[in-house]
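So the structure is just underneath, and the comments pick up after that.
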Amino acid sequence: MSALTDLGIAEAAAGLAKRDFSAVELARAHIAAVAGARALNAFIVETPDAALAAAAESDKRRQDGRSLGVLDGIPLAIKDLFCTEGVQTTAGSRILKGFVPAYESTVTRNLKRAGAAMIGKTNLDEFAMGSSNITSAFGPVKNPWGPPLGRAGNKELVPGGSSGGSAAAIAAGLALGATGTDTGGSIRQPASFCGIVGLKPTYGRCSRFGIVAFASSLDQAGPMTRNVKDAALMLGAMAGHDPRDSTSAPIPCPDFARAAIAPVKGLRVGIPKEYRIEGMSSEIDALWRKGEQWLREQGAEVVEVSLPHTRYALPTYYIVAPAEASSNLARYDGVRFGLRVPGETLDDMYMNTRAAGFGPEVRRRILIGTYVLSAGYYDAYYLKAQKVRALIARDFRDAFATVDAILAPTAPSPAFAIGEKTEDPIAMYLNDVFTVPASLAGLPAMSVPAGLSAGGLPLGLQIIGRAFDEETVLRAGAAIERAAGFDTRPSRLVPAKAGKGDR
Ligand code: GLN
Numbered sequence: 100m101s102a103l104t105d106l107g108i109a110e111a112a113a114g115l116a117k118r119d120f121s122a123v124e125l126a127r128a129h130i131a132a133v134a135g136a137r138a139l140n141a142f143i144v145e146t147p148d149a150a151l152a153a154a155a156e157s158d159k160r161r162q163d164g165r166s167l168g169v170l171d172g173i174p175l176a177i178k179d180l181f182c183t184e185g186v187q188t189t190a191g192s193r194i195l196k197g198f199v200p201a202y203e204s205t206v207t208r209n210l211k212r213a214g215a216a217m218i219g220k221t222n223l224d225e226f227a228m229g230s231s232n233i234t235s236a237f238g239p240v241k242n243p244w245g246p247p248l249g250r251a252g253n254k255e256l257v258p259g260g261s262s263g264g265s266a267a268a269i270a271a272g273l274a275l276g277a278t279g280t281d282t283g284g285s286i287r288q289p290a291s292f293c294g295i296v297g298l299k300p301t302y303g304r305c306s307r308f309g310i311v312a313f314a315s316s317l318d319q320a321g322p323m324t325r326n327v328k329d330a331a332l333m334l335g336a337m338a339g340h341d342p343r344d345s346t347s348a349p350i351p352c353p354d355f356a357r358a359a360i361a362p363v364k365g366l367r368v369g370i371p372k373e374y375r376i377e378g379m380s381s382e383i384d385a386l387w388r389k390g391e392q393w394l395r396e397q398g399a400e401v402v403e404v405s406l407p408h409t410r411y412a413l414p415t416y417y418i419v420a421p422a423e424a425s426s427n428l429a430r431y432d433g434v435r436f437g438l439r440v441p442g443e444t445l446d447d448m449y450m451n452t453r454a455a456g457f458g459p460e461v462r463r464r465i466l467i468g469t470y471v472l473s474a475g476y477y478d479a480y481y482l483k484a485q486k487v488r489a490l491i492a493r494d495f496r497d498a499f500a501t502v503d504a505i506l507a508p509t510a511p512s513p514a515f516a517i518g519e520k521t522e523d524p525i526a527m528y529l530n531d532v533f534t535v536p537a538s539l540a541g542l543p544a545m546s547v548p549a550g551l552s553a554g555g556l557p558l559g560l561q562i563i564g565r566a567f568d569e570e571t572v573l574r575a576g577a578a579i580e581r582a583a584g585f586d587t588r589p590s591r592l593v594p595a596k597a598g599k600g601d602r
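Residue numbering for the sequence shown follows this note's numbering, beginning at 100 and increasing consecutively.
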């Protein structure tokens with residue numbers, strides 16, 4: 100890892116502007132880092148040639164004095180759930196192996212228009228279903244934080260999921276930023292596990308056009324970065340109204356980066372009492388209380404709030420998300436995309452293709468989703484879940500009548516070992532307990548690295564905001580970041596001296 104791969108986006112942009120290095124040099128450093136860290140399995144496809152070509156164009160634009168985008172010359176990793184024209188897009192599934200989209204997702208188009216150079220497509224849980232990256236058809240991603248160096252016999256750790264490849268790539272210095280998607284926590288939880296910043300914007304802030312659909316009423320793209328300012332910069336480039344996504348909000352984007360530097364004095368922050376769940380680990384609780392104190396010390400007012408329906412969020416999510424998934428995944432039939440396994444009749448071909456193409460977790464979700472939508476059970480499960488979802492959203496609305504932001508843990512634990520929780524889907528689903536409520540309510544939420552566990556692994560704190568108020572989320576997140584001073588890098592990839600921190 101060289102100094103160039105230690106930079107944040109804003110720092111790298113400043114270095115490019117001062118001609119300290121060129122975009123091609125920056126791209127080369129990251130291409131070498133990616134090649135040197137293949138053991139992490141963070142990428143499904145590497146695109147060094149495209150990255151170099153984009154970097155060379157950026158250098159040329161700069162030399163010619165042409166106008167530059169906010170991410171001009173910045174190497175980014177793209178979660179392999181975003182369709183990228185001419186570059187394989189798999190969603191981490193065997194069923195899409197070899198699928199090369201003829202079009203570009205709006206988010207990646209926006210990022211490229213802002214000058215970014217795509218360095219590769221990152222690994223993820225199959226169809227973004229998971230919290231560990233273990234369900235990927237391309238093998239699990241390893242968390243760059245573990246196992247601790249020199250401790251033989253320790254198991255490799257998961258990076259979280261589903262955007263685990265993106266999170267691992269940033270933590271390991273393989274890209275300056277990455278895209279993630281978050282349906283029930285897939286940006287925030289891996290960000291917490293890998294010690295980076297992950298922001299899920301308000302539902303509707305970023306276009307879903309060209310993102311492989313999991314649960315359409317929940318899916319949202321967002322930035323994963325090394326610091327809060329970078330998340331703001333990247334969000335500004337990704338977001339905006341898109342007529343090709345009917346749920347994309349036709350409202351202008353504020354200057355997110357500016358918001359990230361505003362002080363929190365006078366801000367009212369809520370602590371939801373129902374998030375203090377039974378059996379919560381004492382280190383998570385202690386970190387959460389520390390977060391409260393950090394905000395208070397910077398002049399915010401911290402008060403308790405109540406979100407009474409919190410305990411129904413997880414079961415509600417695990418009805419709504421599989422229901423939508425079962426419908427969205429009906430399109431993978433062996434006719435239109437990717438894999439086809441022949442059969443004697445058309446029905447046989449459908450069945451053979453889907454049986455061979457989908458992994459066990461995706462099959463489980465399709466089964467659950469089909470069940471809860473079936474005629475006899477629709478009212479008892481799906482309809483009920485929709486009603487509870489409305490109550491969860493109302494809880495937040497009520498809370499936001501008195502506070503500007505909510506502070507909570509991101510995940511109930513630090514990264515766990517690869518192989519742990521795989522036999523027990525409920526244990527895996529429980530990992531999403533703090534992230535799904537904001538998803539069901541469509542609210543913006545961000546995980547910021549706030550400290551280390553007793554075992555030396557990163558832990559994140561989560562800030563949830565009002566709909567379309569990413570500015571306050573960024574502002575509170577930056578306050579946590581300032582106080583936490585988290586600048587640790589994964590030990591096995593970083594030389595002993597601390598990286599050129601930008602925090
Ligand atoms: N872990 C959650 C799930 O498995 C969330 C995934 C996501 O946000 N894409 O559904």
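C-beta atoms are modelled at their ideal positions from N, C-alpha and C, and glycine is treated no differently.
A quick note: this is a predicted structure, and the numbers were derived from the prediction, not measured.
query: heavy atom of ligand 1 below 6 Å from residue 531 C-beta; result: yes
query: Any non-hydrogen atom of ligand 2 closer than 6 Å to residue 475 Cβ; result: Ligand 2 is not part of the structure shown, which contains ligand 1 as its ligands.
query: Neighbourhood of residue 315 by C-beta, 6 Å cutoff - its chain only, sequence neighbours within 5 removed; result: 423
query: Other residues of its chain near residue 494: CB distance less than 7 Å, five sequence neighbours each side excluded; result: 406, 407 and 408
query: Residue 220: first and last residue of the uninterrupted beta strand (DSSP E) it sits in; result: 216–221
query: Short Cβ contact (7 Å threshold) for residue 276 with residue 236; result: no
query: Pick from 544, 271, 476 and 499 that is closest to residue 137, judged by C-alpha positions; result: 271
query: The stretch 345–361 touching the stretch 381–390, judged by at least three CB pairs closer than 8 Å; result: no
query: For residue 217 and residue 128, the rounded distance between their alpha carbons; result: 14 Å
query: Secondary structure of residue 379, DSSP reduced to three states; result: coil
query: Residue 249 burial status per 10 Å Cβ neighbour count (16 or more: buried); result: Because residue 249 carries a pLDDT of 48, less than 50, the predicted location of this residue cannot be relied on, and the following value inherits that uncertainty. Per the 10 Å Cβ criterion, exposed.
query: Selected residue, minimal CA-CA separation from residue 431, among 499, 131, 379 and 451; result: 451
query: Nearest-angstrom beta carbon gap, residue 257 and residue 233 [assumed within contact, 8 Å]; result: 7 Å
query: Residues bridged to residue 545 (per DSSP); result: 298 and 562
query: Residue 416 burial status per 10 Å Cβ neighbour count (16 or more: buried); result: buried
query: Span of the alpha helix (DSSP H) around residue 447; result: 445–456
query: Stretch pair the stretch 107–126 + the stretch 167–179: three plus CB contacts closer than 8 Å; result: yes
query: Residue ranges of each beta strand (DSSP E) within the stretch 345–421, 3 or longer; result: 367–371 and 400–404
query: Integer Cβ distance of residue 304 from residue 502, believed to fall under 8 Å; result: The pair is not a contact, with the Cβ atoms about 21 Å apart (cut-off 8 Å).
query: Proximity below 7 Å, CB of residue 262 to CB of residue 286; result: yes
query: Exposed unless 16 or more other CB atoms sit within 10 angstroms - verdict on residue 288; result: buried
query: Those runs of the alpha helix (DSSP H) which lie wholly inside the stretch 252–335 and span at least 4 residues; result: 263–270 and 287–293
query: Three-way DSSP call (helix, strand, coil) for residue 536 in this model; result: helix
query: Secondary structure of residue 495, DSSP reduced to three states; result: helix
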